[in-house]
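S.K.:
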Amino acid sequence: MGNSERKLKPRTPEEKVAILRRHLVDKVSVSEGCEESGVHPTVFYGWLKHFFEHGAAAFGPPPQPDKKIEARDERIAFLEAKLKKREEVMAELMEEHIALKKSLGEI
(Lines of atoms letter the chains of each structure in order from A and count residues from 1; the text may use other names and numbers.)
(Lines give C-alpha, C1' and ligand atoms only; values in the text may rest on other atoms or scores of the structure.)
Protein backbone atom coordinates (compact mmCIF):
# COMPACT_ATOMS: atom_id res chain seq x y z
CA MET A 1 0.00 0.00 0.00
CA GLY A 2 1.51 3.35 -1.03
CA ASN A 3 1.70 6.42 1.17
CA SER A 4 -1.15 8.05 -0.74
CA GLU A 5 -3.40 5.05 -0.06
CA ARG A 6 -2.74 4.89 3.71
CA LYS A 7 -5.67 5.60 5.98
CA LEU A 8 -5.03 7.37 9.27
CA LYS A 9 -6.09 5.16 12.13
CA PRO A 10 -6.80 6.94 15.40
CA ARG A 11 -4.83 5.31 18.18
CA THR A 12 -5.94 4.93 21.77
CA PRO A 13 -3.56 6.10 24.49
CA GLU A 14 -2.94 2.44 25.34
CA GLU A 15 -1.94 1.68 21.75
CA LYS A 16 0.40 4.67 21.67
CA VAL A 17 2.12 3.58 24.88
CA ALA A 18 2.46 0.03 23.56
CA ILE A 19 4.13 1.32 20.39
CA LEU A 20 6.47 3.55 22.43
CA ARG A 21 7.21 0.68 24.82
CA ARG A 22 8.33 -1.53 21.91
CA HIS A 23 11.04 1.04 21.17
CA LEU A 24 11.99 2.09 24.70
CA VAL A 25 11.84 -1.26 26.50
CA ASP A 26 12.07 -3.92 23.83
CA LYS A 27 14.74 -1.92 21.94
CA VAL A 28 12.93 -2.23 18.60
CA SER A 29 14.23 0.39 16.16
CA VAL A 30 11.98 3.33 15.38
CA SER A 31 11.80 2.43 11.71
CA GLU A 32 10.91 -1.20 12.43
CA GLY A 33 8.34 -0.33 15.08
CA CYS A 34 6.73 2.32 12.88
CA GLU A 35 6.57 -0.03 9.92
CA GLU A 36 5.00 -2.81 12.04
CA SER A 37 2.39 -0.49 13.52
CA GLY A 38 1.76 1.60 10.42
CA VAL A 39 2.77 4.84 12.12
CA HIS A 40 4.85 7.52 10.42
CA PRO A 41 8.11 8.22 12.31
CA THR A 42 7.18 11.90 12.65
CA VAL A 43 3.99 10.88 14.44
CA PHE A 44 5.98 8.46 16.61
CA TYR A 45 8.43 11.19 17.67
CA GLY A 46 5.51 13.52 18.43
CA TRP A 47 4.05 10.87 20.74
CA LEU A 48 7.46 10.34 22.35
CA LYS A 49 7.85 14.08 22.98
CA HIS A 50 4.34 14.29 24.46
CA PHE A 51 5.02 11.20 26.56
CA PHE A 52 8.13 12.71 28.15
CA GLU A 53 6.65 16.19 28.56
CA HIS A 54 3.61 14.83 30.41
CA GLY A 55 5.07 11.71 32.00
CA ALA A 56 5.44 13.33 35.43
CA ALA A 57 1.65 13.46 35.71
CA ALA A 58 1.63 9.67 36.04
CA PHE A 59 3.61 9.95 39.28
CA GLY A 60 1.90 12.99 40.75
CA PRO A 61 -1.16 13.15 42.94
CA PRO A 62 -4.45 12.28 41.30
CA PRO A 63 -6.20 15.31 39.84
CA GLN A 64 -8.51 17.01 42.31
CA PRO A 65 -12.11 17.58 41.28
CA ASP A 66 -12.84 21.14 40.31
CA LYS A 67 -14.68 22.86 43.18
CA LYS A 68 -16.99 24.73 40.80
CA ILE A 69 -17.97 21.53 39.02
CA GLU A 70 -18.49 19.78 42.35
CA ALA A 71 -20.71 22.63 43.61
CA ARG A 72 -22.67 22.63 40.34
CA ASP A 73 -23.23 18.87 40.57
CA GLU A 74 -24.44 19.20 44.16
CA ARG A 75 -26.81 21.99 43.11
CA ILE A 76 -28.15 19.87 40.24
CA ALA A 77 -28.73 16.92 42.59
CA PHE A 78 -30.53 19.21 45.08
CA LEU A 79 -32.76 20.70 42.37
CA GLU A 80 -33.56 17.29 40.89
CA ALA A 81 -34.62 16.04 44.33
CA LYS A 82 -36.72 19.16 44.84
CA LEU A 83 -38.38 18.70 41.45
CA LYS A 84 -39.10 15.04 42.15
CA LYS A 85 -40.73 15.95 45.48
CA ARG A 86 -42.80 18.65 43.74
CA GLU A 87 -43.97 16.17 41.10
CA GLU A 88 -44.97 13.68 43.82
CA VAL A 89 -46.97 16.36 45.66
CA MET A 90 -48.67 17.46 42.42
CA ALA A 91 -49.62 13.86 41.61
CA GLU A 92 -51.07 13.41 45.09
CA LEU A 93 -53.07 16.67 44.82
CA MET A 94 -54.41 15.69 41.40
CA GLU A 95 -55.48 12.31 42.78
CA GLU A 96 -57.34 14.01 45.62
CA HIS A 97 -58.88 16.52 43.21
CA ILE A 98 -60.18 13.77 40.92
CA ALA A 99 -61.49 11.78 43.89
CA LEU A 100 -63.34 14.90 45.15
CA LYS A 101 -64.87 15.56 41.71
CA LYS A 102 -66.00 11.94 41.51
CA SER A 103 -67.58 12.14 44.97
CA LEU A 104 -69.44 15.30 43.95
CA GLY A 105 -70.58 13.64 40.76
CA GLU A 106 -68.78 16.05 38.48
CA ILE A 107 -66.93 13.25 36.73
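Numbered according to my numbering, the sequence shown terminates at residue 585, and the numbering increases by one at each position without gaps. For each residue, glycine too, the CB sits at the ideal point set by N, CA and C. Everything numeric in this text was worked out from a predicted model, so none of it was measured.
Mapping DSSP to helix, strand and coil, what is K562?
M.R.: Along the sequence shown, one-based indexing puts residue 562 at 84. Reduced to three states, the DSSP call for K562 is helix.
S.K.: Taking all protein chains shown into account, decide if F556 is buried (16 or more other Cβ within 10 angstroms of its Cβ) or exposed.
M.R.: Here residue 556 refers to the residue found at position 78 when the sequence shown is read from its first residue. Answer is exposed; the Cβ neighbour count stays below 16.
S.K.: Can you have a look at F522 and say buried or exposed, based on whether 16 or more other CB atoms are within 10 angstroms of its CB?
M.R.: Here residue 522 corresponds to residue number 44 of the sequence shown, with the count starting at 1. Buried is the call here.
S.K.: Since S515 and I497 are thought to touch, with beta carbons under 8 Å apart, how far apart are those beta carbons, to the nearest angstrom?
M.R.: Position 37 of the sequence shown holds residue 515. Position 19 of the sequence shown holds residue 497. S515 to I497, Cβ: 5 Å. Contact.
S.K.: I need the DSSP call for R489, collapsed to helix, strand or coil.
M.R.: Taking the first residue of the sequence shown as position 1, residue 489 is located at position 11. If DSSP states are grouped into helix, strand and coil, R489 belongs with coil.
S.K.: Going by DSSP in three states, P543 sits in which element: helix, strand or coil?
M.R.: Taking the first residue of the sequence shown as 1, we reach residue 543 at position 65. Looking at P543 - three-state DSSP - the assignment turns out to be coil, as it is neither helix nor strand.
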